[in-house]
Amino acid sequence: MCIVFVSMSHPDYPLILADNRDEFILRPTSRPHWWTHTSPTNGHTTRILSSRDLHRPERGTWLGVTETGQIAVLTNYREVDAAGPSPKGRRSRGGMVTGFLSEPPAEYIGDSVRRLVEEGEGVKGVGGFSMACGKMARRGDGFAIVSNRADTLGDVPIVPAGQGRCWGLTNTTFRNGGTWPKLRDGLTPFDEIVEGTQGAAKGEKAEGALLERLFAHLSRDTLVGHEDRSLAENIQDLKTSIFIPALGGAKQRAEMEEARAQGRGTWPTDDELVAEAPEHGVVTGEQSHEDVGFERGMYGTQRQTVVIVDREGQVVFVERALWDANGHAIPKGEGDVVFRFGIKGWAG
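First residue of the sequence shown: 1, per the working numbering; consecutive thereafter.
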């Protein structure tokens with residue numbers, strides 16, 4: 001039950017993005033790092049900054065940025081007949097993010113999205129998803145909202161650059177997002193954070209204050225009475241809370257204890273990830289068709305990410321891990337990883 005909030009109207013920060021990844025806490029996932037991807041369709045080589053899903057062989061991601069300014073963030077779409085939070089598909093959702101980030105950076109966003117949804121298999125065979133994707137530049141094109149229901153570019157909403165109102169995305173279609181309380185009720189305080197920093201003094205202290213307010217917003221937990229209920233029993237209530245605490249029954253708690261008994265968990269290094277990665281970072285053929293769902297341990301908000309971009313194209317990317325690889329809770333802030341870089345070609 002992931003959620004992302006987006007602002008494109010702040011006078012000092014043309015992009016402010018705050019995202020929660022809700023997932024099975026033990027699902028193998030790397031920390032954010034720079035890695036290189038060569039598209040098997042267009043041959044374009046891209047440097048991507050993201051964490052990566054280590055469970056599926058495609059090594060996709062839910063949120064990534066490139067050094068040339070492409071950005072994409074994905075939420076799972078809960079199918080109507082799905083009992084759990086993460087309906088499966090034979091193709092990786094995370095591969096959709098990688099696919100967009102591998103498009104030529106100078107191209108109009110509509111052309112990139114058209115290729116993504118209309119050429120080859122398009123978005124068919126992918127589990128339910130919605131993906132907000134754009135190209136960060138001084139004169140950007142805005143964000144496209146791609147879903148697995150899009151057959152043509154005409155099915156893809158475009159949020160124009162400079163959109164005055166904050167907007168967001170959760171586990172439903174973009175147009176239906178307002179019916180989910182977590183998004184509907186979360187946009188107002190997010191907008192207040194954005195408006196409250198307009199005209200404020202700039203600098204490291206002000207930036208730190210903005211980041212902390214955004215992380216506090218992502219940590220708003222309004223679930224009540226969930227402690228003694230299973231994930232399935234809580235599933236409808238997940239629509240109401242921005243932050244999802246660890247949920248699960250006796251079986252899931254036992255799985256967490258088993259994992260924690262192995263000691264503090266560590267994540268693979270960047271060099272280890274590169275050495276183990278399949279060619280091009282994608283998998284074709286039958287490997288992608290197997291059921292590779294992960295449903296072990298408790299479910300909840302696993303990672304939180306904030307991305308802010310200033311008027312000069314300087315990016316601050318902060319990911320906060322809330323749990324280590326073996327399911328031990330990480331004290332607030334101790335799991336933060338920070339990247340700073342300037343977007344190549346920002347001025348166009």
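Positions of the beta carbon are idealized from the N, C-alpha and C atoms, including for glycine.
Its chain contains Val65, Met136, Val307, Ile308, Val309, Phe339, Arg340, Phe341, Gly342, Ile343 as the residues whose beta carbon lies nearer than 8 angstroms to that of Val315, once the 5 sequence neighbours on both sides are disregarded; these appear in chain order. Annotated as distal: Gly134 and Ile48, with beta-carbon spacing of 8 angstroms or more. Here the alpha carbon of Ala246 sits roughly 10 angstroms from the alpha carbon of Arg253. Inter-residue distance for His10 and Ile330 is about 32 angstroms (C-alpha atoms, whole angstroms).
Membership of Thr45 in the beta strand (DSSP E) is indicated by the continuous run 45-50. If you check the CB distance, Pro157 and Arg184 do not come in under 8 angstroms.
Between the stretch 119-128 and the stretch 147-166, the count of Cβ pairs shorter than 8 angstroms is three or higher; the stretches touch.
In this structure Gly60 does not touch Thr29 by the C-beta definition: roughly 11 angstroms separates them, more than the 8 angstroms allowed.
Residue pairing by DSSP places Cys166 opposite no residue, since no beta bridge is assigned to it. When only Cα atoms are considered, Glu255 and Met298 end up about 8 angstroms apart. At least 8 angstroms separates the beta-carbon of Lys202 from that of Asp336. Per DSSP, the continuous alpha helix (DSSP H) segment holding Met96 begins and ends at 94-101. Distance from the CA of Pro181 to the CA of Asp237, rounded to the nearest whole angstrom, comes to 10 angstroms. Put simply, the backbone Cα of Trp62 is about 14 angstroms away from that of Phe5. At a Cβ-Cβ threshold of 8 angstroms, Gly313 and Trp267 do not count as neighbours.
Within the DSSP bridge table, the entry for Tyr299 names Phe24, Leu247 as partners. Cβ contact annotation for Leu231 (same chain, cutoff 6 angstroms, sequence separation greater than five): Leu247, Gly248, Tyr299, in chain order. Under the three-state reduction of DSSP output, Gln198 falls in the coil class, being neither helix nor strand. DSSP places Val224 in no alpha helix (DSSP H); its state is neither H nor E. Residue environment for His44: exposed (fewer than 16 other C-beta atoms within 10 angstroms of its C-beta).
Asp111: member of the alpha helix (DSSP H) spanning 109-118, first to last residue.
Closest in C-alpha terms to Cys166, from the list Ser219, Asp191, Ile235, Ala259, comes Asp191. For secondary structure counted as the beta strand (DSSP E) over 3 or more consecutive residues, the stretch 303-344 holds these complete runs in sequence order: 314-321, 336-342. Distance from the Cα of Asn20 is smallest, within the candidate group Arg138, Ser241, Thr269, Arg260, for Ser241.
Secondary structure of Ala161 (DSSP, three-state): coil. By the CB criterion at 8 angstroms, Glu118 and Ser112 fall outside the cutoff.
Counting only residues of its own chain and dropping the five nearest sequence neighbours on each side, Ala18 has a CB closer than 6 angstroms to the CB of Phe5, Leu214, Leu218, Val306. As the crow flies, the alpha-carbon of Ala209 is around 28 angstroms from that of Gly178. For the 8 angstroms CB-CB criterion, Arg27 and His55 form a contact.
Taking all protein chains shown into account, Asn42 has fewer than 16 neighbouring C-beta atoms within 10 Å of its C-beta and is therefore exposed. Straight across, the Cα-Cα distance linking Gly199 with Met8 is about 16 angstroms.
When DSSP states are grouped into helix, strand and coil, Leu214 belongs to the helix group. The three-state secondary structure of Met256, taken from DSSP, is helix. The DSSP-derived three-state label of Ile3 is strand.
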